[in-house]
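Per the working numbering, residue -10 is the first one in the sequence shown, and the count goes up by one each step. Following: one structure in structure tokens, then a few remarks.
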Amino acid sequence: MMIEIDPARIAAIYKHYASAISVLTDEKYFQGSFDFLPIVSQIAPQPILCKDFIIDPYQIYLARYYQADACLLMLSVLDDEQYRQLAAVAHSLEMGVLTEVSNEEELERAIALGAKVVGINNRDLRDLSIDLNRTRELAPKLGHNVTVISESGINTYAQVRELSHFATYGFLIGSA
């Protein structure tokens, strides 16, 4: 079943509440589109994150062309050399990088790679289950010089308040 996505309507609401806006550009699995980026950018003054399974520098160039300010790099799909290459491309385009981890091994890699903004994904991408303990367990292991974002499975204000005690700087909230 195709769900009708109206990025302009969503951006008009989010611009009043969010400090940044994540835009899905993956077409195959999430009905996203790079065309959504300039639509959201025209409506919301906040930084725009390109959320996709980025594996090729071309995707970062495309994201920047379509007005994204930052991109998501998932350590679950990238080896260290790919990450370094993609992060270098993003930085050369003056884009931010949100480095996503979902387990202890990826967290250690993010630290070794010098990631400055780390997103802890509470969703297991293999079975799509949610476990907020990921943020509770992993966030305190990151240094104070790292910005921590808790991603996925956050549905209530009580969860936001509780997770904010675990060195979390922000939250990526929404559904695909």
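By construction, the Cβ of each residue, glycine as well, lies at the ideal position given by its N, Cα and C atoms. As the structure is a prediction and not an experimental result, all values here were calculated from the model.
Could you work out which residue in the options is closest to residue i when comparing CA atoms only?
{"i": "VAL137", "options": "ASN110, PHE25, TYR6, VAL78", "result": "ASN110"}
{"i": "ASP41", "options": "ALA99, VAL66, ASP120, ALA128", "result": "VAL66"}
{"i": "ASN92", "options": "SER11, ASP120, ALA76", "result": "ASP120"}
{"i": "ASP45", "options": "PRO36, SER30, VAL78", "result": "VAL78"}
{"i": "GLN48", "options": "LEU61, ILE37, PRO36", "result": "LEU61"}
{"i": "TYR158", "options": "TYR146, VAL135, THR145", "result": "VAL135"}
{"i": "LEU75", "options": "ILE43, GLU95, VAL90", "result": "ILE43"}
{"i": "ILE71", "options": "ARG98, ALA59, ASP58, GLN56", "result": "A small correction: the amino acid at residue 71 is Gln; Ile does not occupy that position in the sequence shown. Selected option, being the one with the closest Cα: ARG98."}
{"i": "ARG123", "options": "ALA0, ASP58, LEU96, ARG73", "result": "LEU96"}
{"i": "ARG73", "options": "ASP116, ALA104, LEU82", "result": "ALA104"}
{"i": "ARG125", "options": "SER8, HIS154, HIS80", "result": "HIS154"}
{"i": "GLY132", "options": "SER81, VAL107, THR145, ASP116", "result": "VAL107"}
Output needed for residue i: all residues of its chain with C-beta closer than 8 Å, excluding positions within five of it in sequence on either side, in chain order.
{"i": "PHE160", "result": "ILE138, SER139, GLU140, ILE143, VAL149, LEU152"}
{"i": "LYS166", "result": "Within the shown structure, residues of the chain are numbered from -10 to 165, placing residue 166 beyond reach of any answer."}
Spatial neighbours of residue i within its chain, please: C-beta separation below 6 Å, excluding the five flanking residues on both sides.
{"i": "GLY171", "result": "The first residue shown for the chain is -10 and the last is 165, placing residue 171 beyond what the model contains."}
{"i": "CYS39", "result": "THR14, ALA52, ALA57, CYS60"}
{"i": "ALA1", "result": "ILE32"}
For residue i and residue j, which I take to be in contact (beta-carbon distance under 8 Å), what is that distance rounded to the nearest angstrom?
{"i": "ASP68", "j": "LEU102", "result": "Not really, about 11 Å apart at Cβ, beyond 8 Å."}
Only counting the same chain, and skipping five residues up and downstream in sequence, which positions put a Cβ closer than 7 Å to that of residue i?
{"i": "ALA(-3)", "result": "ILE28, ILE32"}
{"i": "LEU64", "result": "TYR72, THR88, GLU89, VAL90, GLU95, ARG98, ALA99"}
{"i": "TYR6", "result": "none"}
{"i": "LYS130", "result": "LEU96"}
The segment 20 to 27 touching the segment 46 to 58, judged by at least three CB pairs closer than 8 Å: Counting C-beta pairs closer than 8 Å gives three or more between the segment 20 to 27 and the segment 46 to 58, which meets the contact rule.
Alpha helix (DSSP H) runs wholly inside the segment 58 to 140, at least 4 long, in chain order: Runs of alpha helix (DSSP H) with 4 or more residues, each lying fully within the segment 58 to 140, are found at 69 to 81, 93 to 101, 122 to 127, listed in chain order.
Contact the segment 111 to 130 vs the segment 75 to 88: 3+ CB pairs below 8 Å: Contact between the segment 111 to 130 and the segment 75 to 88 is absent, with fewer than three C-beta pairs closer than 8 Å.
Length at least 3, wholly inside the segment 13 to 53: the beta strand (DSSP E) runs in chain order: 37 to 40
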